[in-house]
Amino acid sequence: MTPRSVLRYETWTLQPDREPDAEPVLYAMQCAVDGETSPASKDFAEPQDWVLRHCGQNPDDAR
Ligand SMILES: [Zn+2]
């Protein structure tokens, strides 16, 4: 048996939050496949965590 791991990635876009009442700089991720967006956060780690969860829950998005 040959263990084989296949990693598939979606296409992610970094976009500024342009809402009038937004914090000065927020990071957010949007899935290019289904249009879902992460929560916006000043901490980049938060949307990044969302990406990892989203990829885990939607492995078919990367097709
Ligand atoms: Zn997706």
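Take 8 as the starting number for the sequence shown in our numbering and just add one per residue. For each residue, glycine too, the CB sits at the ideal point set by N, CA and C.
Check	Outcome
Range covered by the beta strand (DSSP E) that runs through residue 22	Run containing residue 22: none; DSSP gives neither H nor E here.
Proximity to residue 18 [Cα-Cα], best of 41, 47, 49	41
Environment of residue 33 [buried if 16+ CB atoms lie within 10 Å]	buried
Bridge-paired residues (DSSP) for residue 48	34
Coil, strand or helix - residue 41 by DSSP	coil
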